[in-house]
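Worksheet: one structure, shown below.
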Amino acid sequence: MSEQLIVVPEWDGCSVLGEAQRLKERLEATSDSDVDVVVITMDGIHDMSELDVSAADEHLTLRLRSGEFEPSTTTVSVRVRALQDIVTDRDPLGVFFPSTPDGDEMAATLASTTGGAGLLDSLLEVKNGELIGHRPVFDKRALVTFEVENRPLVASLSMDGLPEPSSGAETPPVQHSIEVEGVAEEGVERLRTIEVPEKDISKAKVVVAGGDGLESRDDFQVIRSLADSLNATVGASRPLVDEGWVAHDRQIGVTGKSVDADLYVPVAISGDPYHLDDVQAEHILAINTDPNARVFDMADIGVLGDFETYGPKLTEAIQATHATNSSDAEEPRGEE
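Going by my numbering, the sequence shown opens with residue 787, and the numbers climb by one from there.
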């Protein structure tokens, strides 16, 4: 009987599938077992017009008997319970998620409920026919290695540098669809959902982002006001996303979005490689209280001071410039 690697991909891409393919090839080359890659998608979360799962050996679609799955951290328990019986029955070598807030929580919860080994934000390799996990530490200058005994290895994979899946196999994946019961979300009461369209941060020309130096959710209003004055898109570093202050699609860094802007304004962001490695900006204007912050090494202009003082001052100066320019544009021109 073949071993299995189960993949639950990101909603709009299949990078985790590409990594599972790589691990399958290594496992088959270093052991006597055949390995099948099984992709599991969920109705309501995964848009099959955006996903190409043709490289998998099997594609399993989960559907709720009533309604659809919802892409929210509050529905993680529903999705994990839908996966739990499948993972228990199939006893795979590994179950892989993308390392996103949802993916990390699902991996940790599924590992706990199935008795597997959990590893978050990880890198994987094959050694002597076994899956081995790594986690980068000390600003990616070193790796911690994990050898696990319990199976499955339930891992959320760092999205930095994952291979794209190869083109479809000669034989298309076996297709299955399973209906599962929805489970009420304990302790959650949904009042209403508000759609707030925002610019895609990866395509924005001007981005203002807040970081871990902000002390409260209210402090983030300084970031929003400054962004409004520049007609900019708002972003954030991972700690603020983990705190729930901003949505994950606003996160900048290796586990979030890349920035390719004309102007990037990081406020209270120290400049760890996890963040700055995905910033490609023509100009950077940084505000930080730490004179040794790495962000100043990349900045064209550095403001050494607290965001509470210099954020509003910069906003006022920009607004005053806008007002002056508008006034000049409205003045009638004299006859020549």
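Virtual Cβ for every residue (Gly too), placed ideally from N, Cα, C.
Inter-residue Cα distance where the pair is residue 794 and residue 832: 10 Å
Compute the distance between the beta-carbons of residue 942 and residue 883, then report whether it is under 8 Å. yes
Which residue marks the beginning of the alpha helix (DSSP H) containing residue 801, and which one marks its end? 801 to 816
So, residue 790 versus residue 878, is the Cβ gap smaller than 8 Å? yes
What ranges does the alpha helix (DSSP H) occupy inside the stretch 816 to 902, keeping only unbroken runs of at least 4 residues that lie completely in it? 862 to 876, 887 to 900
Can we say the stretch 915 to 924 touches the stretch 843 to 852, given the rule of at least three CB pairs closer than 8 Å? no
Quick one: complete beta strand (DSSP E) runs, 3+ long, within the stretch 1059 to 1087? 1069 to 1074
Buried or exposed by the 16-neighbour rule on C-beta atoms within 10 Å, applied to residue 1122: At residue 1122, the pLDDT of 44 sits below 50, so the modelled position is not reliable; the number obtained from the coordinates is stated separately. Counting Cβ neighbours within 10 Å, residue 1122 comes out exposed, since fewer than 16 surround it.
Could you tell me which of 805, 1044, 845, 826 sits nearest to residue 990, measuring between CA atoms? 1044
Give the single residue among 1017, 908, 1028 whose Cα lies nearest to the Cα of residue 923. 908
Grab the span of the beta strand (DSSP E) containing residue 992 for me, first residue to last. 992 to 996
Rounded to whole angstroms, what's the CA-CA distance from residue 988 to residue 818? Just pull it up for me. 44 Å
By the three-class DSSP mapping on this structure, what secondary structure does residue 1026 have? helix
If you run the structure through DSSP and keep just helix, strand and coil, what is residue 960? strand
Closest by C-alpha distance to residue 870, when choosing among 804, 920, 792: 792
Excluding the 5 residues flanking residue 931 on each side, which residues of the same chain have their C-beta closer than 8 Å to its C-beta? 918, 919, 920
On a CA-only basis, which of 868, 800, 886 is nearest residue 896? Give me that one, please. 868
Under a three-way DSSP split, which group does residue 987 fall into? helix
Can you tell me whether residue 995 is buried or exposed? The criterion is at least 16 other CB atoms within 10 Å of its CB, across all chains shown. buried
Grouping DSSP H, G and I as helix and E and B as strand, with all else coil, what is residue 1048? coil
Using the C-alpha atoms, what's the distance from residue 1063 back to residue 1017? 25 Å
Please state if the CB of residue 885 and the CB of residue 906 are separated by a distance shorter than 8 Å. yes
Mapping the DSSP letters down to three states, classify residue 931 as helix, strand or coil. strand
Counted within 10 angstroms of its Cβ, other Cβ atoms place residue 1069 as buried (16 or more) or exposed: exposed
Please name the residue in 910, 854, 952, 939 whose C-alpha comes closest to that of residue 838. 952
Exposed or buried, which one is residue 1003 when buried takes at least 16 other CB atoms within 10 Å? exposed
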